[in-house]
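A.B. asks: Going by numbering that gives the first Met the number 0, the letters in the sequence shown line up with residues 0 to 397, in that order. Ideal placement from N, C-alpha and C gives every residue a C-beta, glycine not left out. Okay, here's the structure, questions in a sec.
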Amino acid sequence: MKNTWRFGESELNYIREVLDSGFGSSTSGDMCKRFEEAFAEKVGVKYAISFNSGTATLQAGLEAVGVGYGDEVIFPPLTVISNVNVVLQQNAIPVFADVERDTFNIDPADIERKITSKTKAIMPVSLYGLSCDLDPIMELAAKHGIAVINDAAEAHMAEYKRTPIAKIADITSYSTENSKHVTTGEGGIVVTDNEEYAISMRKFGALGYAALKSGDGRVRMHKDIFQDPTYKRHDAYGYNYRMPEVAAAMGLAQTERLDMFIDLRVKIAKMYDEVVAKVDYLFPQATPDGSLNTYWAYTIRYDRDDVSWQEFRHKYMEFGGDGIYAAWALSYDETLMSSGAFKKICPPLYENLSFPMGICPVAEEIQPKLMQFVTNYGSEEEAAPKVEALRKTIDFFS
Ligand SMILES: Cc1ncc(COP(=O)(O)O)c(C=O)c1O
Numbered sequence: 000m001k002n003t004w005r006f007g008e009s010e011l012n013y014i015r016e017v018l019d020s021g022f023g024s025s026t027s028g029d030m031c032k033r034f035e036e037a038f039a040e041k042v043g044v045k046y047a048i049s050f051n052s053g054t055a056t057l058q059a060g061l062e063a064v065g066v067g068y069g070d071e072v073i074f075p076p077l078t079v080i081s082n083v084n085v086v087l088q089q090n091a092i093p094v095f096a097d098v099e100r101d102t103f104n105i106d107p108a109d110i111e112r113k114i115t116s117k118t119k120a121i122m123p124v125s126l127y128g129l130s131c132d133l134d135p136i137m138e139l140a141a142k143h144g145i146a147v148i149n150d151a152a153e154a155h156m157a158e159y160k161r162t163p164i165a166k167i168a169d170i171t172s173y174s175t176e177n178s179k180h181v182t183t184g185e186g187g188i189v190v191t192d193n194e195e196y197a198i199s200m201r202k203f204g205a206l207g208y209a210a211l212k213s214g215d216g217r218v219r220m221h222k223d224i225f226q227d228p229t230y231k232r233h234d235a236y237g238y239n240y241r242m243p244e245v246a247a248a249m250g251l252a253q254t255e256r257l258d259m260f261i262d263l264r265v266k267i268a269k270m271y272d273e274v275v276a277k278v279d280y281l282f283p284q285a286t287p288d289g290s291l292n293t294y295w296a297y298t299i300r301y302d303r304d305d306v307s308w309q310e311f312r313h314k315y316m317e318f319g320g321d322g323i324y325a326a327w328a329l330s331y332d333e334t335l336m337s338s339g340a341f342k343k344i345c346p347p348l349y350e351n352l353s354f355p356m357g358i359c360p361v362a363e364e365i366q367p368k369l370m371q372f373v374t375n376y377g378s379e380e381e382a383a384p385k386v387e388a389l390r391k392t393i394d395f396f397s
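Below is the structure:
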C-alpha cells in the first residue's frame, strides 16, 4: 500500500466491517453515525452530519440558516469555486468581501461595508488551515441577525484565540477529499451545536426524510410503520448528498488518528518557516497569537518582480521540490462569472448582476503572488529534501 503512514489497518478493519454487514439497504449500517459521533467529539460540538463533499455541506449550511431566493451571502473571492456555486444553487446573491494582505483570510472591515438589509449569511473561509478572524465576524453577525457558516474545509482542528473553531460559528463545514487532514476520498462533514440546524442539514442531504434525526442519518423505525402504502416519507426538500458507509469507515479511522496528522503538518510547516524567515520577498501566511494554524498547505506571498513566479517554481522543482501550487483565480474572475454563464441558473435574479474587477483590490493584488507548498508528507524526514529544495532556490536567486 502507498502512503502507509496515512492509511493503515484501522481503515481496512472498519471498511471490512462495512462489507461484512452486507449492505442490506440504504437504511442499514452505522458507520456514518460512528464517524459523525467521533468527529463531533473531536472538534468539540454536539452534532456532525456527513456528506459526499465539502461543497454539499456548505449548501446544506446555507439552507439550514434560511438562505433562499434573492438573499445576499458575503464571502471572500479567494477560495474554491464551491462557495460561489452553493450560493447560486440557493438562488442567492454572491457578495464578495476582500481579504487581509497578511493572513489571506476575509477582512471583517470589508464584510461590515458589504452588509445590507438583504444579507442573510456570512460564509468566511478559514484558508490553508488558519482560522479567519472570527470575533469581529461573530459580533457583526449578532448585531445584524445574520448567521455565520465557517468554511473550514482546509482547517480541521484549527483554533482561534485558543478555542477550537467549531465552537464559534453557527455552523462549521469541512471537506474530506483526498488532500485534507481527514480524508474519505471524497466527502465532507458539517458541525453545529444547534439542533434545528442539524436536523435541517441532515434532511437536506438525505432527500428530506421526515424521520431523520440530528444524530442519525438512517431512517430507523418499526417496519410496520415504514413499510405501509399509506406512509408519507418526506416532509422537506432535499438531495441525496449522503456519505457512503465505506467512506465513513475511512473517516472514522482517520479521525481516531487526527492528532498525529495535525501534529505532522504543523511540524513540517515550521520547517518551511525556518527557511523562509528573514527572506525579504517571502511572506508566510501570518498566524495571529492564539491561533492554531493546522496548515493544510504552507502558503507564502511571493513579492518579487525580477524573478517570475513560474521561474521560481521551476527552479524549486529542479532542486527536488514538489510543484508549488497556485491559488485559485478569484471566484469573480473565473470564466463562469466573468462570461455571465452563471446567469442561466436563475435568469430573473441574475440578469443585471456583474462582477467587474476592482471589487476586492487586496485579493486581486495577492492572488497571483501566492505559493502553496505541500505539508502532506509522512514524516519530517520525507519533508526535509523538499524544504531543502526551497532553501537552495532562495540561495540561487539571492
Ligand atoms: C476552502 C474550500 N472550500 C470548500 C471546498 C470544497 O470541498 P469538496 O472538494 O469536498 O467539495 C474545498 C475543497 O477543495 C476548499 O478548499
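Take E176 as the anchor and find which of A39, G65, A168, I188 has the nearest alpha-carbon.
C.D. replies: Along the sequence shown, one-based indexing puts residue 176 at 177. Of all alpha-carbon atoms in A39, G65, A168, I188, the one lying nearest the alpha-carbon of E176 is that of I188.
A.B. asks: Here's the rule: buried if 16 or more other CB atoms are within 10 angstroms of the residue's CB, otherwise exposed. What is W398?
C.D. replies: Absent from the structure is residue 398, since the part of the chain shown begins at 0 and ends at 397.
A.B. asks: Restricting to Cα atoms, I'd like to know which of D101, P347, H155, A276 is closest to R256.
C.D. replies: Against the sequence shown, residue 256 aligns to sequence position 257. Closest by alpha carbon: H155.
A.B. asks: Are three or more beta carbon pairs between the stretch 125-144 and the stretch 299-311 nearer than 8 angstroms?
C.D. replies: no
A.B. asks: Could you pull out every unbroken alpha helix (DSSP H) segment of at least 4 residues lying fully inside the stretch 261-310, listed in chain order?
C.D. replies: Whole alpha helix (DSSP H) segments, 4+ residues: zero.
A.B. asks: I think I365 touches F103, with their Cβ atoms under 8 angstroms apart; what is that distance to the nearest whole Å?
C.D. replies: On the sequence shown, position 366 is the one that residue 365 refers to. On the sequence shown, position 104 is the one that residue 103 refers to. Indeed, because the Cβ distance is near 7 angstroms, the residues count as touching under 8 angstroms.
A.B. asks: Can you name the residues that DSSP bridges to R241?
C.D. replies: The residue you call residue 241 lines up with position 242 of the sequence shown. Answer is F50.
A.B. asks: P355: buried (16+ other C-beta within 10 angstroms of its C-beta) or exposed?
C.D. replies: As a working note, residue 355 is residue 356 in the sequence shown. The residue in question, P355, is exposed, as its Cβ has fewer than 16 Cβ neighbours within 10 Å.
A.B. asks: Can you find a heavy atom of ligand 1 that lies under 7 angstroms from the Cβ of N239?
C.D. replies: Translated into positions along the sequence shown, residue 239 becomes position 240. No; taking the cut-off as 7 angstroms, the Cβ of N239 has no heavy atom of ligand 1 nearer than that.
A.B. asks: If you run the structure through DSSP and keep just helix, strand and coil, what is D192?
C.D. replies: To locate residue 192, count along the sequence shown from 1; it is residue 193. Looking at D192 - three-state DSSP - the assignment turns out to be coil, as it is neither helix nor strand.
A.B. asks: Is it buried or exposed for R217, if we count other Cβ within 10 angstroms and need 16 for buried?
C.D. replies: Translated into positions along the sequence shown, residue 217 becomes position 218. Classification of R217: buried, given that the 10 Å Cβ count is 16 or more.
A.B. asks: Does the distance between the C-beta of V147 and the nearest non-hydrogen atom of ligand 1 fall short of 7 angstroms?
C.D. replies: Counting from one through the sequence shown, the residue named residue 147 turns up at place 148. False, no ligand heavy atom lies under 7 angstroms from that Cβ.
A.B. asks: Any residue with its Cβ nearer than 6 angstroms to a heavy atom of ligand 1 should be included. What is that list in chain order?
C.D. replies: S52, G53, T54, T78, V79, S81, V124, D150, A152, E153, S174, E176, G187
A.B. asks: Sort D227, K1, M30, T54 by Cα distance to I14 and report the nearest one.
C.D. replies: Mapped onto the sequence shown, residue 14 falls at position 15. Nearest of D227, K1, M30, T54 to I14, Cα basis: M30.
A.B. asks: Looking at C-alpha atoms only, which residue of T162, S49, Y297, L291 is the closest neighbour of F34?
C.D. replies: Walking along the sequence shown from the start, residue 34 turns up at place 35. That would be S49, whose Cα lies nearest to the Cα of F34.
A.B. asks: Do T392 and F406 come within 8 angstroms of each other at the CB atom, strictly closer than that value?
C.D. replies: Nothing can be reported for residue 406, as the shown portion of the chain is limited to 0 through 397.
A.B. asks: Under the rule that 16 or more other beta-carbon atoms within 10 Å means buried, what is D97, buried or exposed?
C.D. replies: Within the sequence shown, numbered from 1, the residue matching residue 97 stands at position 98. Buried, since its Cβ has 16 or more Cβ neighbours within 10 Å.
A.B. asks: How big is the Cα-Cα spacing for A91 and K202?
C.D. replies: Working through the sequence shown from its first residue, we reach residue 91 at position 92. Working through the sequence shown from its first residue, we reach residue 202 at position 203. Taking the straight line joining both Cα atoms gives about 20 angstroms.
A.B. asks: Could you give the residue range of the beta strand (DSSP E) that holds D150?
C.D. replies: Within the sequence shown, the letter at position 151 stands for residue 150. Taken as a continuous stretch (DSSP letters only), the beta strand (DSSP E) holding D150 covers 146-150.
A.B. asks: With 16 other CB atoms within 10 Å as the buried threshold, where does I164 fall?
C.D. replies: One-based indexing of the sequence shown puts residue 164 at position 165. Residue burial is scored here from C-beta neighbours: I164 has at least 16 other C-beta atoms within 10 angstroms and is therefore classed as buried.
A.B. asks: Out of curiosity, what's the CA-to-CA distance linking R161 and G21?
C.D. replies: Reading the sequence shown from its first residue, position 162 is the one you call residue 161. Reading the sequence shown from its first residue, position 22 is the one you call residue 21. Cα-Cα distance, rounded: 44 angstroms.
A.B. asks: By DSSP, does G187 sit in helix, in strand, or in coil?
C.D. replies: Walking along the sequence shown from the start, residue 187 turns up at place 188. In this structure, G187 counts as strand in the three-state DSSP scheme.
A.B. asks: Can you tell which of G128, H143, P107 has the C-alpha that lies nearest to the C-alpha of K117?
C.D. replies: The sequence position of residue 117 within the sequence shown is 118, counting from 1. Nearest C-alpha to K117: H143.
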